[in-house]
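Per my numbering, the sequence shown starts with residue 47, numbered consecutively.
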Amino acid sequence: MTITAAPCVNDGCLMVRGKVVLTHVPTNIILSPGISGAAFLGSTSPIPTSRHVFTLGILEGYKHLCLYRFKIWWMIPGYGKSGSEIPLETQLLLLEIKEESVVEDDDSSGPPTPTTFYVLFLPVLDGDFRTSLQGTPANELQFCAESGDANVQNSQILEPVFINSGDNPFELIKNSIKILEKHKGTFRHIENKKIPVHLDWFGWCTWDAFYTEVNPQGIKEGLQSFSDGGCSPRYLIIDDGWQDTVNEFQKEREPLIEGTQFATRLVDIKENSKFKSSESDARCNNLHEFINMIKGKYGLKYVYVWHALTGYWGGVLPSSETMKKYNPKIVYPIQSPGNIGNLRDIIPDSLEKYGVGIIDPQKIFDFYNDLHSYLSSNGVDGVKVDAQNLIETLGSGFGGRVSLTRRYQQALEQSTSRNFKDNNLICCMSHNSDSIYSWKTSAVARASEDFMPREPTFQTLHIASVAFNSLLLGEIVVPDWDMFHSKHDTAEFHGIARAIGGCAVYVSDKPGNHDFEILRKLVLPDGSVLRAKHAGRPTRDCLFRDPVMDGKSLLKIWNLNKLSGVVGVFNCQGAGSWPLKQTIKDMPSTPLVISGNISPCDVEFIEDVAGENWNGDFAVYAFNSGSLSRLPMNGNIKVTLATLKCETFTISPIRVSGEGVHFAPIGLLDMYNSGGAVESIDENMKNSSELIIKIKVRGCGRFGVYTSLKPRSCLVDMEEEEFIYNSENGLLTLDLTGDCNFRDIEFIY
């Protein structure tokens, strides 16, 4: 039998690379071959309907990872070995399949060695229908295809589930998204998008600092306290609380009726009274004056403001004179059975009762354009757009959830592109496939539920969620791992995650409540950050292990810099439980101490940054311990961490010069992502007797390299600089003083 990579159905079994993936595949399942060895799974029904549930077959015996929406807004990871462990609203399913390698050499002896490949299922959009996966107690794998509008029906759906396989799980996901990008044409891969420049600067968001009580004076006090500590944000997000809104269901001087706060509606596109007067001593009469003042005084480069996709949580107020031209009306959400089958959420539940003031889809671009042009004229540089998944519940009567989402998303992207430079849009509460596969220009999206400073059992879940969700999101957007508090019990835990996540680095500290020691490990004196190249993701050996609840696994997250790799190791065990999972009744009274190993092979594609003179070894620098080790590709270092503790390792390929000097730049030793400071490396011979290794770096502070020989001298921008050399481990350190500009360091041997 010829074994091919392309999926096929034989004798009621779904086969991939000769391995049975699903058994008992029903006869109404249709497999349509795709390109590059991929395929689509679809089905037919005798009865047209707006919501189909089809069984694909029985899934048993393989470790799996899934990303599923545990509530309407957000995904989290799930783990298991059978179809019964696949939750409702699964939007990615990855299987690990072991196979015996084929021995081709007749002279070879010994048993075949096991190899691993991966099978990926992606439920996608097919016309006006959106798809998710789910399991049953009988280990059936099913897909649910729904339009969200009772009048939008079909009896066959041919391309709802994409299936592909590969030897490298990260390449598999990337290649699959690129195939879908070309085939579907409804979204773009991250490599084909303009990346907002705010990501390379330190930021501050007002949400946790003030919540909806945000005001100009509070913002001014916060910016001043950062400035006083010598670590000023270069971008600001003015979150919820600046808009002109009304709660029709809240009577004056009466207690708040729980749920009505989410029915609050937008009255005007302009700022509310807090930002229109000098009542709070900000000495500005409007938003324009205020933004000009804080940009000039505090060195802000970018100011973003928040709004919901529907304007506000409860939409817009239909009776508002400003809003009437957009033809709004009150509609009532209809939630999918998948959403309410997992964890219900108070926002859509409340809006089912109070309704949403939705703008006519024909007028939605006019609304966004009017709003964004007004904001832009007042000095605003971009927007964070929240509560995006609410649209999926409002599709009835508008052609369905996919159609309505796409119309809103296209209008939003067109307006932000027209009114703001640099593609300055952050998408939020948007983890449904309706949105994900409609992001054509959107390049940043929040990667998980909020950082919640008052919830001690949510901290480990947050780190695990952002890393695993970035497997999918990171191929379409730059995942935003959310703000955190620099002065918090888990500040370093979150700080190291942001440093290696390839994401924005921003906090939501209250004025005067900062830990500048933490911030200086993330932020250079000029306000820039050392952002890694890609979205941080779990290492390959962590993909099918539960880092939160299995009681034994550390979470490792990898990334690349221009010339090195970085791995963060986190102990997420014993401090929380996944939603919908049985809660750990007796949390350990003492931290759960767990050991594991890190290795250079944890960093995928590190050979791509190693250079021509790489000898196969690595210099590995541990941030917290300050230790430097030399390892081969498959070598390892033992790591032991207590609950909520972490460590980060810079892994730099060792290059061998023509003169036999082994050299590897580490970077800024006092920054969590040390290697992010190294831009380039070069070497040359002078007079056939003098070797010069030259590296270009960014930033200031204590800089380190690994070198097998002590250089005769070191120059920084052509000026000789003193250095310290440790002959036992090969670590050379020097101090880079002054500003954060690029500078050249030369090591002369």
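Think of the CB as a built atom: it goes at the ideal place given N, C-alpha and C, for glycine as much as any other residue. Remember, predicted model here, so these are calculated numbers, not experimental data.
Quick one: using the 10 Å Cβ neighbour count with 16 as the cut-off for buried, is A678 buried or exposed?
The sequence given here has Pro at residue 678, not Ala. By the neighbour-count rule (16 or more Cβ atoms within 10 Å), P678 is not buried but exposed.
Considering Cα atoms alone, identify which of D314, P215, H235 and F788 is closest to L570.
F788
If distances are taken between C-alpha atoms only, which option among M529, D555 and G80 comes closest to A543?
M529
Cα separation between G573 and W250?
Here the alpha carbon of G573 sits roughly 11 Å from the alpha carbon of W250.
Does the count of Cβ pairs from the region 130-143 and the region 382-393 closer than 8 Å reach three?
yes
State the Cα-Cα distance for the pair G582 and Q296, rounded to the nearest angstrom.
The alpha-carbon of G582 is positioned some 44 Å away from that of Q296.
On the premise that G446 lies in contact with V198, defined as a C-beta separation below 8 Å, what is that separation, rounded to the nearest angstrom?
About 4 Å separates the Cβ atoms of V198 and G446, confirming a contact at the 8 Å cut-off.
Please classify P593: is it buried, with 16 or more other beta-carbons within 10 angstroms of its beta-carbon, or exposed?
If you draw a 10 Å sphere on the C-beta of P593, you find 16 or more other C-beta atoms in it, and that means buried.
Note down, in chain order, each residue of its chain lying with its Cβ closer than 6 Å to the Cβ of V243, except the 5 sequence neighbours on either side.
D468
Pull up the distance between the alpha-carbon of G360 and that of K371, whole angstroms please.
18 Å
Check the DSSP bridge columns for P699 and list the partner residues they point to.
Bridge pairing for P699: F664 [DSSP].
Roughly how many whole angstroms lie between the Cα atoms of I283 and N424?
15 Å
Are Y164 and L139 closer than 7 Å when you measure CB to CB?
Their beta carbons are not under 7 Å apart, which means Y164 does not touch L139 by this criterion.
Is E217 helix, strand or coil when you go by DSSP?
helix
Mind reading off the beta-carbon distance from I122 to W624? Whole number of angstroms is fine, and I expect it under 8 Å.
6 Å
In chain order, what residues of the same chain have a beta carbon less than 7 Å from the beta carbon of S155, not counting five sequence neighbours either side?
Confidence at S155 is low in this model, with a pLDDT of 46, below 50, so the placement of that residue should be treated as unreliable; the coordinate-derived value is given next. Within the same chain, no residue comes within 7 Å of S155 by CB-CB distance, once the 5 residues on both sides are set aside.
Going by DSSP, what residue range makes up the beta strand (DSSP E) through K65?
Judged by DSSP secondary structure, K65 falls within the beta strand (DSSP E) whose first and last residues are K65 to L68.
When we look at the beta-carbon of Q455 and count the other beta-carbons within 10 Å, is it buried (16 or more) or exposed?
buried
Report yes if the CB atom of L105 is closer than 7 Å to the CB atom of L166, and no otherwise.
No, Cβ-Cβ distance for L105 and L166 is not below 7 Å.
With distances taken from CA atoms, which of D781, S365, N332 and A710 is nearest V762?
D781
Using DSSP with H/G/I as helix, E/B as strand and the rest coil, what is W253?
helix
Can you round the beta-carbon distance between R176 and S479 to whole angstroms, since I take them to be within the 8 Å contact cut?
Right, their Cβ atoms sit about 6 Å apart.
Using the Cα positions of C190 and F248, report the straight-line distance between them to the nearest angstrom.
42 Å
Using DSSP with H/G/I as helix, E/B as strand and the rest coil, what is T783?
coil
Can you grab the Cα-Cα spacing for the pair N221 / F208, in whole Å?
12 Å
Contact between the region 673-690 and the region 611-624: three or more CB pairs below 8 Å?
yes
Using 7 Å as the threshold, is the C-beta distance between L568 and V551 below it?
yes
Which full runs of the beta strand (DSSP E) of 3+ residues lie inside the region 446-479, going along the chain?
471-473
For the pair the region 635-647 and the region 737-757, tell me if three or more CB-CB distances fall below 8 Å.
Cβ pair count under 8 Å is below three, so no.
So what's D209 in DSSP terms, helix, strand or just coil?
Asp is not the amino acid found at residue 209; the sequence shown has Ile there. I209 falls in the strand class under three-state DSSP.
Mark T506 as exposed unless 16 or more other C-beta atoms lie within 10 angstroms of its C-beta, in which case mark it buried.
buried
To the nearest angstrom, how far is it from the Cα of E792 to the Cα of A668?
24 Å
Starting from the Cα of S382, find the closest Cα among V99, D535, T536 and A489 and give me that residue.
V99
Name the two residues that bound the continuous beta strand (DSSP E) containing V724.
V724 to K732
Quick one: is L777 buried, meaning 16 or more other Cβ sit within 10 Å of its Cβ, or exposed?
buried
Using a 10 Å radius around the Cβ and a threshold of 16 neighbouring Cβ atoms, would you call S735 buried or exposed?
exposed
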